[in-house]
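Working notes, structure below.
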Amino acid sequence: MAPKLPIYMDNHATTRVDPRVLEAMLPYFGEEFGNAASRSHVFGWNAERAVEQAREQVAAAIGASGREIVWTSGATESDNLAIKGAAEFYRDRGNHIITAVTEHKAVLDTCKRLEKSGFEVTYLPVERDGRVNPQAVADALTDRTIVVSIMLANNEVGTINPVAEIGQAVKARGAVFHVDAVQGVGKIPFDVASAHADLVSLSAHKMYGPKGVGALYVRRKPRVRITPIIDGGGHERGMRSGTLNVPGIVGFGKAAEISAAEMAEESKRLLALRERLRLGIEARVTDTVLNGSLEYRLPGSLNMSFAYVEGEALMMALKDVAVSSGSACTSASLEPSYVLRAMGVPVEMAHTSIRFGLGRFNTEEEVDYVIDLVAQKVKKLREMSPLWEMAQSGVDIKSIQWAGQR
Amino acid sequence: MAYSGKVIDHYENPRNVGSLDKDAPNVGTGLVGAPACGDVMKLQIQVSDSGVIEDAKFKTFGCGSAIASSSLATEWIKGMTLEQAMSVRNTQIVQELSLPPVKIHCSVLAEDAIKSAIADYRRKQRGSQAQVGQA
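Taken in order, these protein sequences are the chains called B and R.
Residue numbering for the first sequence follows my numbering, beginning at 1 and increasing consecutively.
Residue numbering for the second sequence follows my numbering, beginning at 407 and increasing consecutively.
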C-alpha cells in the first residue's frame, strides 16, 4: 500500500506532538489557565501542581530530582544559561572553557560570545566518526578550566559521545560539566549520575512534546551554581525569571514520561527501520557513504552522501519526503555542513549528504517508499551529472584542475 | 528554499540533457565550477558552418537552480549565432528564473559555461585552420 504523502523523515529537526501529550496539555489552555506563581487562589495552585508533576516526570527521565529542573523556553536558552551562567558564576576560579567543533550553534555561538568578554575557549576536534575523544578532553583541561560542554548525541550525524568517560575526566579536574542532551534523551539510556553531568540541556519538541519549552538540569549534590541571564520575578529559584509556560511544561512532562517508558521498545523498532532504510538504499544505489559511526549512533538517524549528486537537488527530487541536507545550497552561507567537515568528510562529499531522521510515527511502508524514490532520483540526477559521466568513463575527478577551487 | 515555478519546471523537465562528441571539430565544450563548491556545469554547443549554434547539451552537478540555469541557457542559445550567445548575461537568467540573491552564482556559472564552450569551439577552429595552413 502506498503511504500517505508527504512523509516526515526529519525527526532531528522536530517531532510531531504525540496525541497523548496533546491531550494532557489541553486543559491548561482552557479552564486550568492559572499562573503557577499565583499563591493566593485555586487557579494558581492547580497550575503549580501540574508544573511540579511535570518537573518530576522530566527529572525521572534523566535520573534526577525534580528540584534540579529549571524550565526554559527551549534548548537554545538552556545552553546559553548553562554556559554563560556557569562561566559567569565561576569566573573567579578561571576563564577557560572547553567544547567541541561539532556542537550545536547554541553552544558554539555562546562560547564565541564569551570569548569577546575575556574567556578562552578550546574547540576540540573530533574523530572521523564524529566522537569526542575523552583523552583529548583530559589533555585540554587546565587549572583555569571552569566549564566543559559536550553534547550527548549529534543532531546532524547522530554520533553518540562517550559522555561518561568525558564527565569522569572533567570531574577529576573540578570543572563544571555541561551536556547538551537534546538529541539523545528519550532515545538512548542517559542519566546524570553515570554521565557525571552538572548541567544538562533538554528540549520538549525533540521528544514528541511541544515547541517553546525546554529545561536545564542543575545539579544540587554537590551544588552547582549559575548566574541567571534573565532577571525578573525570581521564578525557578532565581535562575530563570518569567511566567511559566504551563501547558508546554505539562506537555514536556508527559512527553518525557512516555519516552522513558517506551524507550527500550521504540529504539529497537527505530533501529530496525533505520537499518531497513540504510541497507535498502545501499542495495539499490552505488557510491554511497555513511557519514558518522554505525556503532555509536542514535537509532533513528541516517546520514548518507550520494557521490556525484548535489544534496539540495536530491532533496528537491524527494519532494514528498521531508529530509535535510548538509549541502551548502541549503544554507545561506554557501558553506557545507561544518559537522561533516570537522569529521574529515571531503567538501565535495559534504555537498552530497542527506540526513534522514526516523521517528515514532514512521512506518515500514514509508521506509520502502523512500528507498524506491531515492534509488530512482539518484539514478536520474546521476544521468544529469557531469561528474558521474567522468567517473564512469574512468576520469579521475581529483586530477582535474577545477577553476575557483578553494 | 521556495523556488519559482520556472525553476521547478526546468528542474523537473530539464531541456537538452546529454552530451555531444567532445572531439568533434564543430563541438565546443565548457566545463565550469568545481565539485568542492557544490556546482559543476558542462555545457556543449554544436556549431554550423555559418556560425549558428544548431544544438546545445548540458550536464550539471548542483542544486535545483544550477540545473535550471543551465537548462535555460541551452534552450536560449540554440539557434543563436556565436556573437548572440556571447551576449547572454547572467542577469537575464536571474530575471527569467526569479532566482533569489543566494542563487545568483548559479546564473553566473551558466554564463561562464556558455562563454567557455564558445572559447573551446573557437580554439578548435583556429587549430584546424592552422593545420590546413601547414598542410
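Glycine is no exception: its CB is placed at the ideal position from the N, C-alpha and C atoms.
Give me the residue from the options with the minimum Cα distance to residue i.
| i | options | result |
| --- | --- | --- |
| SER477(R) | GLY411(R), ASN496(R), SER534(R) and TYR417(R) | TYR417(R) |
| ARG495(R) | ASP445(R), SER513(R) and GLY470(R) | SER513(R) |
| GLU265(B) | PRO162(B), GLY253(B), ILE7(B) and PRO189(B) | PRO189(B) |
| ASP368(B) | GLY158(B), VAL347(B), ARG276(B) and GLU282(B) | ARG276(B) |
| GLY44(B) | ASN11(B), GLN53(B) and PHE33(B) | PHE33(B) |
| ASP139(B) | GLU127(B), GLY158(B), LEU114(B) and ILE166(B) | ILE166(B) |
| GLY359(B) | ILE160(B), GLU282(B), PRO299(B) and THR99(B) | PRO299(B) |
| ASN154(B) | ARG131(B), ASP143(B), LYS171(B) and VAL147(B) | ARG131(B) |
| VAL21(B) | ALA256(B), GLY233(B) and MET316(B) | ALA256(B) |
| LYS206(B) | GLY251(B), GLY232(B) and VAL218(B) | GLY251(B) |
| ALA13(B) | ALA64(B), TYR208(B) and SER117(B) | TYR208(B) |
| VAL321(B) | PHE306(B), VAL285(B), THR352(B) and VAL374(B) | VAL374(B) |
| PHE464(R) | GLY436(R), PRO441(R), ASP526(R) and ALA442(R) | GLY436(R) |
| ASN245(B) | ALA106(B), PHE29(B) and THR76(B) | PHE29(B) |
| TRP482(R) | ALA462(R), ALA523(R), ARG529(R) and ASN419(R) | ALA462(R) |
| ILE510(R) | ILE520(R), SER522(R) and THR497(R) | THR497(R) |
| ILE69(B) | GLU56(B), LEU270(B) and ARG223(B) | GLU56(B) |
| LEU5(B) | SER399(B), THR363(B) and ILE397(B) | THR363(B) |
| SER301(B) | LYS268(B), VAL285(B) and THR122(B) | LYS268(B) |
For residue i versus residue j, is the C-beta spacing smaller than 7 Å?
| i | j | result |
| --- | --- | --- |
| PRO210(B) | ALA169(B) | no |
| PRO3(B) | GLU365(B) | yes |
| TYR296(B) | THR159(B) | yes |
| THR480(R) | ILE473(R) | no |
| ASN35(B) | THR243(B) | yes |
| SER471(R) | ILE499(R) | no |
| PHE356(B) | MET9(B) | yes |
| LEU408(B) | VAL413(R) | An answer regarding residue 408(B) cannot be provided, because it is not within the stretch 1 to 406 covered by chain B. |
| LEU340(B) | GLY326(B) | yes |
| ILE146(B) | TYR217(B) | no |
| SER241(B) | ILE229(B) | no |
| MET343(B) | ARG128(B) | yes |
| LYS428(R) | ILE459(R) | no |
| ASN291(B) | VAL157(B) | yes |
| PRO542(R) | SER534(R) | No answer is possible for residue 542(R): the residues shown for chain R start at 407 and end at 541. |
| VAL433(R) | ASP518(R) | no |
With H, G and I counted as helix, E and B as strand and the rest as coil, what does DSSP make of residue i?
| i | result |
| --- | --- |
| GLY436(R) | strand |
| TRP71(B) | strand |
| LEU199(B) | strand |
| ASP396(B) | coil |
| VAL289(B) | strand |
| TYR417(R) | helix |
| TYR153(B) | The sequence as given places Ala at residue 153(B); Tyr does not occur at that position. DSSP places ALA153(B) in strand when its eight states are reduced to three. |
| SER534(R) | helix |
| GLU236(B) | helix |
| GLU127(B) | coil |
| ALA193(B) | coil |
| VAL514(R) | helix |
| MET447(R) | strand |
| ASN362(B) | coil |
| HIS180(B) | In the sequence as presented, His is not what sits at residue 180(B); that position holds Asp. Strand. |
| SER476(R) | helix |
| TYR217(B) | strand |
| GLY248(B) | helix |
| THR122(B) | strand |
| THR15(B) | coil |
| THR76(B) | helix |
| TYR90(B) | coil |
| LYS116(B) | helix |
| ALA541(R) | Low confidence applies here, because ALA541(R) scores a pLDDT of 46, under 50, leaving its location unreliable; read the following figure in that light. Reduced to three states, the DSSP call for ALA541(R) is coil. |
| GLU295(B) | coil |
Pop quiz: residue i and residue j are said to be a contact at Cβ under 8 Å. What is the actual Cβ separation, rounded to whole angstroms?
| i | j | result |
| --- | --- | --- |
| ALA304(B) | ILE354(B) | Checking the displayed sequence, the identity of residue 304(B) turns out to be Met instead of Ala. Sure, about 6 Å apart at Cβ, within 8 Å. |
| LEU199(B) | ALA86(B) | 6 Å |
| SER259(B) | GLY186(B) | 3 Å |
| VAL413(B) | PHE306(B) | In the structure displayed, chain B extends from 1 to 406; residue 413(B) sits before or after that span and is not available. |
| LEU215(B) | SER393(B) | Reading the sequence as shown, one finds Ala at residue 215(B) and not Leu. Actually they are not in contact, since the Cβ atoms of ALA215(B) and SER393(B) sit about 56 Å apart, beyond 8 Å. |
| ALA175(B) | ALA195(B) | ALA175(B) to ALA195(B), Cβ: 14 Å. No contact. |
| SER407(B) | THR99(B) | In the structure displayed, chain B extends from 1 to 406; residue 407(B) sits before or after that span and is not available. |
| LEU152(B) | VAL179(B) | 5 Å |
Quick one: list the residues of chain D neighbouring residue i, beta-carbon separation under 8 Å, in chain order.
| i | result |
| --- | --- |
| SER425(R) | You won't find chain D in this structure, because its protein chains are B and R. |
Can you list, in chain order, the residues of the segment 440 to 465 of chain R whose Cβ is nearer than 9 Å to any Cβ on chain B? ALA440, PRO441, ALA442, CYS443, GLY444, ASP445, VAL446, MET447, LYS448, PHE464 and LYS465
Short-range partners of chain R found in the segment 357 to 387 of chain B, where Cβ spacing is below 8 Å: GLU383, MET384, SER385, PRO386 and LEU387
Contact residues within the segment 468 to 495 of chain R, judged by C-beta distance below 7 Å to chain B: GLY468, CYS469, GLY470 and ILE473
Taking any Cβ of chain B, which residues in the segment 499 to 530 of chain R have a Cβ under 7 Å from it, in chain order? VAL508
Can you list, in chain order, the residues of the segment 428 to 439 of chain R whose Cβ is nearer than 9 Å to any Cβ on chain B? LEU437, VAL438 and GLY439
Within 7 Å of chain R by C-beta, residues of the segment 130 to 164 of chain B in sequence order: Within the segment 130 to 164 of chain B, no residue qualifies.
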